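Accompanying notes for the structure given below.
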Amino acid sequence: MVRAMEEYLRPGIPTTPFCPGCGHGILLGLILRAIHESSIDMREMLFVSGIGCAAWIPSPHFDADTLHTTHGRAIAFATGAKLYNPKLRVMVISGDGDLSSIGGNHLIHAARRDIDLKVICANNMIYGMTGGQVAATTPQGSITSTTPFGNPERPFDLCRLVEGAGGRYVARYSVTQPLTLMECIKKSLSCEGFSFIEVISPCITHFGSKNLLESAPKIIQWAMEKCIPREEAEGLSREELEGKIVTGEWGNVEASRG
Amino acid sequence: MGWKRVKASLPPGRYYFSGNEAVAEGAITAGCRFYAGYPITPSSEIMERMARRLGEIGGIFIQMEDEIGSIAAVIGASWAGAKAITATSGPGFSLMMENIGYAAFTETPCVIVDIQRAGPATGQATRVGSGDIMQAKWGSHGDYEIIALSPWSVQEMYDQTIQAFNLAERYRVPTFILGDEAVGHLRENLEVKRWSRVFDRKKSKGRTPFDSKNPREIPPMPAFGEGERILVTGSTHDGMGIRRTDDPDVHARLVRRINEKILLNKGDIIDTERFFIDDAVVAVLCYGFTARSSLSAIKELREEGYKVGLMRLKTLWPFPHKQVAGLSERVKSIFIPEMNRGQVAGEAMKSSRCEVVSFCQTNGEIIPPEVIRKQLMRLV
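Chain order of the listed sequences is A and B.
Going by the numbering used here, the first sequence runs without a break in its numbering and finishes at 260.
Going by the numbering used here, the second sequence runs without a break in its numbering and finishes at 413.
Put into structure tokens, the structure is as follows:
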């Protein structure tokens, strides 16, 4: 299995740049496995990313066309490429800050247009590459480089945001649920229209270290405890849902949930 | 690939068009099949005509959510193989700057039309100005070269749009048409010829897309979907596009190359036009709509026996320093009227060896011939 995946990786790129304990490496593997299991030729794929740790998942590791763009604009670049060459299967892989904060406008408009992009948002709940500043996805109360007394703001619920904007297939799972996540990526690959997968991939270096989750097992345990399935969440009160991460599938076309 | 002869977008003949409409037709003749933009006065007629025309001929048109997204979509489409264009005005031009730097650094051909209005800020949205000349060159961070053209007529809005695509494709560089409200909304005759020369970007399978041995040479540009597994990044990259963000030699080489590929080809890029220069004692150096007022003033003064001439800059960037230096050796004074605070005058002073007199008007109005005439009378 390990050797079989090598053909998806660009030759000559030695290692990933991700910190030990980071979930992005798991996600990198899951995306390639989903492509492999969907029997998609990498020559049909275009991977577009913005700026930040997650933007380095495809570029330069994936042996396919890749477009590593400016901060926040990956979806807009991808829109141009997809419209001009609809044969390209276009996947956008970027972080939460990139896609939902600086690039939030492009995200909601692409969902509204229902343009056929497969967006994978690696949500580490913080600005990792720049040194751990608060993000629009940081849980309330968390300590970050720019919220030394705790984050006073509420985070975005990205899936509900994208669903509200018209996203066709929307899902959220954590890197601690790899098989489910891979199935979601496969669904997104076969979905025609705008799809959005939020992948909880906690940042051990910046989020973990400041919030008493300073080892990989601890932060993985934290993610597993935080995540509850959508069906279970539907029976809980607002107070009970406080601080939980609801996983599952959403979207605007029933069939796409299949 | 390379030069070819194509039929015009319209049947040959004479058309009564606005400058903005002429840009749209020039783009289609040049082979442009992608437009992404956001509405802004006084450029919107370009977008409106492109929406209809691209729909008729099977091109792609999209109205994006803002100008940042518009230029991003244009760059994405260009890498997918398109000849792509966007049009805007000052505020939108400002928003595009980061991605313009990205296009320069990734050597992405694209055409950006800036129909300049009276700035700064929102300024006078429906009035004329030419305050974006320096921004076109220096608006994004870091050191890079671009090409900028300056049309003075509806005919030139059409011709220079074709030329802008040819330059963008040949040199793999963002190319600007620095029009202004007056030339954008001007309505006059446009002569559409049956045939035009257009240049299509060069491709070469497996060749390095971001480096060349000869600094004058432009590397070939593959497109997404051709199996070339292209790596495009706005980070410092080697010839194959691999990030090298801690290698001083790779960075120095790349920055030098994206600048030199334009500067070493200046001779092919720069175009100027001269009127009554041979025996002139005073010369007007001008561009854009102001060149019309200037020529009108010069013709009048010539009839009265004054030795005045005119040099019109059809190319603003790379700046025609050699031509300005040559002019400055023939005349006593160079007079530069502009609808800004002396942006070209400042640049011209770098190469001029005679007196440079800058005349600035920033009131949202064109500079009338009589004003230029009055100013010139003081110099002759």
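Just so you know, even glycine gets a beta-carbon here, dropped at the ideal spot from N, CA and C.
Treat the numbers as computed from the prediction; the structure is a model and nothing was measured.
* To do: Pick helix, strand or coil for A/N125, following the three-state DSSP scheme.
  => strand
* Backbone CA spacing between B/E403 and B/Q394 [nearest angstrom] -> 14 Å
* Asked: For the 8 Å Cβ check, are there 3 or more pairs between the region 33-48 of chain A and the region 186-200 of chain A?
  -> yes
* To do: Anything in chain A within Cβ reach of B/E131, meaning under 9 Å, just list it in chain order.
  => T72, H73, R75
* Going straight from the alpha carbon of A/L69 to that of B/R363, what length do you get? -> 51 Å
* Would you check if there are 3 or more beta carbon pairs closer than 8 Å linking the region 336-348 of chain B to the region 307-319 of chain B? => yes
* Asked: Can you give the beta carbon distance from B/I108 to B/C143, rounded, assuming they're within the 8 Å contact cut?
  -> 6 Å
* To do: Report the option in B/K365, B/S183, B/Y191 whose CA atom is closest to the CA atom of B/L211.
  => B/S183
* Going along chain A in order, which residues have a C-beta closer than 8 Å to the C-beta of B/S268? -> H70
* To do: Using a Cβ-Cβ cut-off of less than 7 Å, give me the residues of the region 40-65 of chain A that come near chain B, in sequence order.
  => R45, L48, S61, P62, D65
* Taking the runs of the alpha helix (DSSP H) that are 4 residues or longer, which of them lie wholly in the region 134-214 of chain B? -> 166-171, 187-204
* To do: List the whole-angstrom C-beta distance separating B/E69 from B/I95, where the pair is believed to meet the contact cut-off of C-beta under 8 Å.
  => According to the sequence provided, residue 69 of chain B is Ala. The question's Glu does not apply to it. That pair is a contact at about 5 Å.
* Which class does A/R75 belong to by DSSP, given the choice of helix, strand or coil? -> coil
* So, B/R277 versus B/D271, is the Cβ gap smaller than 7 Å? -> yes
* **For B/A316, the first and last residue of its enclosing beta strand (DSSP E)** => 315-319
* Asked: Of the choices A/S51, A/K89, A/E9, A/L214, whose alpha-carbon is the least far from that of A/G97?
  -> A/S51
* Report the residues of the region 84-98 of chain A with a CB closer than 7 Å to any CB of chain B, ordered along the chain. => L85, Y86, N87, K89, L90
* Asked: Is it right to say A/G106 is buried, meaning 16 or more other beta carbons lie within 10 angstroms of its own, or is it exposed?
  -> buried
* Beta-carbon neighbours of B/L264, restricted to chain A and to distances below 9 Å -> R12, S61, P62, D67, T68, L69, H70
* Asked: Can you tell me whether DSSP reads A/H111 as helix, strand or coil?
  -> helix
* To do: Look at the alpha carbon of B/R203 and the alpha carbon of B/K236, and state the distance between them as a whole number of angstroms.
  => 11 Å
* Asked: Are at least three pairs of beta-carbons, each pair with one atom in the region 136-149 of chain A and one in the region 47-58 of chain B, less than 8 Å apart?
  -> no
* To do: Specify the secondary structure class of B/F257 as computed by DSSP and reduced to three states.
  => coil
* Asked: A/N213 to A/I145, Cα distance in whole Å?
  -> 6 Å
* Fully enclosed by the region 344-376 of chain B, which alpha helix (DSSP H) runs are 4 residues long or longer? -> 354-363
* A/A138 versus chain B: which residues are under 9 Å apart at the beta carbon? -> Neighbours of A/A138 on chain B: none; closest Cβ ~18 Å, over 9 Å.
* Asked: Among B/I331, B/K294, B/E293, B/R290, which has the Cα closest to the Cα of B/F308?
  -> B/I331
* chain B contact residues for A/N126, given Cβ-Cβ distances below 8 Å -> Those within 8 Å of A/N126 in chain B number zero; the least Cβ separation is about 20 Å.
* Have a look at the DSSP bridge pairing and note the partners of A/C229. => A/I247
* Do we get a CB-CB distance below 7 Å when we pair B/G102 with the residues of chain A? -> yes
* Asked: Which same chain residues, not among the five before or five after B/G397, have their C-beta less than 6 Å away from its C-beta?
  -> A151, Q157, R160
* Candidates A/W224, A/T132, A/I59, A/P154: closest to A/H208 by CA position -> A/T132
* By a C-beta neighbour count over all protein chains shown, 10 Å radius and 16 as the cutoff for buried, is B/W228 buried or exposed? -> exposed
* **C-beta atoms of A/A113 and A/G169 nearer than 7 Å** => yes
* To do: Could you check which residue in B/D233, B/F322, B/S391 has the C-alpha nearest to that of B/I148?
  => B/F322
* To do: Can you have a look at B/G239 and say buried or exposed, based on whether 16 or more other CB atoms are within 10 angstroms of its CB?
  => exposed
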